[in-house]
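Data block below; observations after.
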Amino acid sequence: AEIFIEGLNLSSFNEIQQGLFTANFKLPDNFPPGFFKIIAEVNDQDKNRNLLNQGRSSTAIRVKQVIKNADLALNADSIVPGNKLLYTLILYDQAGNSGTGEGQISIYSPNNVLFSEKLANTKELNSILIETNFTPGYWKLNIKYEDIEKNKTFLVEELEKAEYFLNGNELYIKNIGNVQFNKPI
Numbered sequence: 001a002e003i004f005i006e007g008l009n010l011s012s013f014n015e016i017q018q019g020l021f022t023a024n025f026k027l028p029d030n031f032p033p034g035f036f037k038i039i040a041e042v043n044d045q046d047k048n049r050n051l052l053n054q055g056r057s058s059t060a061i062r063v064k065q066v067i068k069n070a071d072l073a074l075n076a077d078s079i080v081p082g083n084k085l086l087y088t089l090i091l092y093d094q095a096g097n098s099g100t101g102e103g104q105i106s107i108y109s110p111n112n113v114l115f116s117e118k119l120a121n122t123k124e125l126n127s128i129l130i131e132t133n134f135t136p137g138y139w140k141l142n143i144k145y146e147d148i149e150k151n152k153t154f155l156v157e158e159l160e161k162a163e164y165f166l167n168g169n170e171l172y173i174k175n176i177g178n179v180q181f182n183k184p185i
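Here my numbering is used: position 95 in the sequence shown is 95, and no number is missing along the way.
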């Protein structure tokens with residue numbers, strides 16, 4: 001009996017014993033997900049190798065998608081406060097193809113304090129407004145999907161900015177940036 005997976009270079013030859021045969025295949029770790037046709041061809045020969053009987057049967061097998069890696073696509077590595085950071089969760093399967101799923105995204109400030117957590121789906125655009133008073137420095141995005149964990153960083157730039165307003169005869173100046181305001185007033 002020859003057992004093989006159609007379109008692939010995987011086959012197994014086995015002797016039939018009492019009308020039964022078995023075959024084992026070890027698929028490579030990077031084998032793509034999907035449905036594949038597995039075929040068994042059986043030949044019965046006499047002592048002189050003359051063909052007496054033959055048969056063929058097939059069925060489909062399904063190789064499941066297994067997510068092996070995760071990443072985030074960012075619209076920028078450096079953000080000026082007052083703008084949005086856009087990000088998308090990307091998952092990769094065993095063959096390196098895009099996968100689908102939902103992962104947990106945790107955002108940490110430069111002093112490693114948890115700022116926010118959110119569940120994100122693949123191919124879904126997410127955003128966070130980087131307020132003008134966000135601490136400058138490297139912020140961390142932590143991705144968790146099942147047993148996969150990965151970190152990505154982005155820089156919140158320094159912003160020296162003030163807001164002015166009058167209330168009657170009084171001038172109010174408020175620092176709305178993320179660093180000390182040292183410009184002349």
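Note that beta-carbon positions come from the ideal geometry of N, C-alpha and C, so glycine has one too.
Take ASP77 as the anchor and find which of GLY103, THR153, ASN178 has the nearest alpha-carbon. Relative to the Cα of ASP77, the nearest Cα in the group GLY103, THR153, ASN178 belongs to THR153.
Taking DSSP's pairing of strands, which residues face ALA60 in a bridge? Per DSSP, LYS37.
Can you give me the start and stop residues for the beta strand (DSSP E) that THR88 sits inside? Segment 84–93, the beta strand (DSSP E) holding THR88.
Report the residue from LYS37, GLN180, GLY103 whose alpha carbon sits nearest the alpha carbon of PRO136. That would be GLN180, whose Cα lies nearest to the Cα of PRO136.
With a threshold of 16 other CB atoms inside 10 Å of the CB of LEU89, please say whether the residue is buried or exposed. Under this definition LEU89 is a buried residue.
In three-state DSSP terms, what is ILE16? If DSSP states are grouped into helix, strand and coil, ILE16 belongs with coil.
Below 8 angstroms on the Cβ atoms is my guess for GLY96 versus ILE67; work out the distance and round it to an integer in Å. Going by Cβ atoms, the distance from GLY96 to ILE67 rounds to 11 angstroms, so no, they are not a contact pair.
In whole angstroms, what separates the C-alpha of GLN54 from that of LEU27? CA-CA distance, GLN54 to LEU27, rounds to 27 angstroms.
Roughly how many whole angstroms lie between the Cα atoms of ILE39 and PHE21? Their Cα atoms are separated by approximately 13 angstroms.
Using DSSP's beta-bridge definition, name the partner residues of GLN54. Answer is ASN43.
Please report the Cβ distance between SER127 and LEU114, rounded to the nearest whole angstrom; I am assuming they are in contact, meaning their Cβ atoms lie under 8 angstroms. Taking a contact as a CB-CB distance under 8 angstroms, the pair SER127 and LEU114 does not count as one, their CB atoms being some 19 angstroms apart.
Cβ-Cβ distance between LEU85 and ILE130 below 7 angstroms: With a cutoff of 7 angstroms on beta-carbon distance, LEU85 and ILE130 are scored as near each other.
Take PRO110 and list the residues in its own chain whose beta-carbon comes closer than 7 angstroms to its own, dropping the five residues that flank it on each side. THR135, GLY137, TYR138, TRP139, listed in sequence order.
Thinking C-alpha only, which one of PHE35, GLU158, LEU125, GLU170 is nearest VAL63? Considering only PHE35, GLU158, LEU125, GLU170, the residue with the shortest C-alpha distance to VAL63 is PHE35.
Rounded distance between the beta-carbons of ASP71 and LYS150, thought under 8 angstroms: LYS150 to ASP71, Cβ: 7 angstroms. Contact.
Are the beta-carbon atoms of VAL156 and ILE79 separated by less than 7 angstroms? VAL156 is a Cβ neighbour of ILE79, given a cutoff of 7 angstroms.
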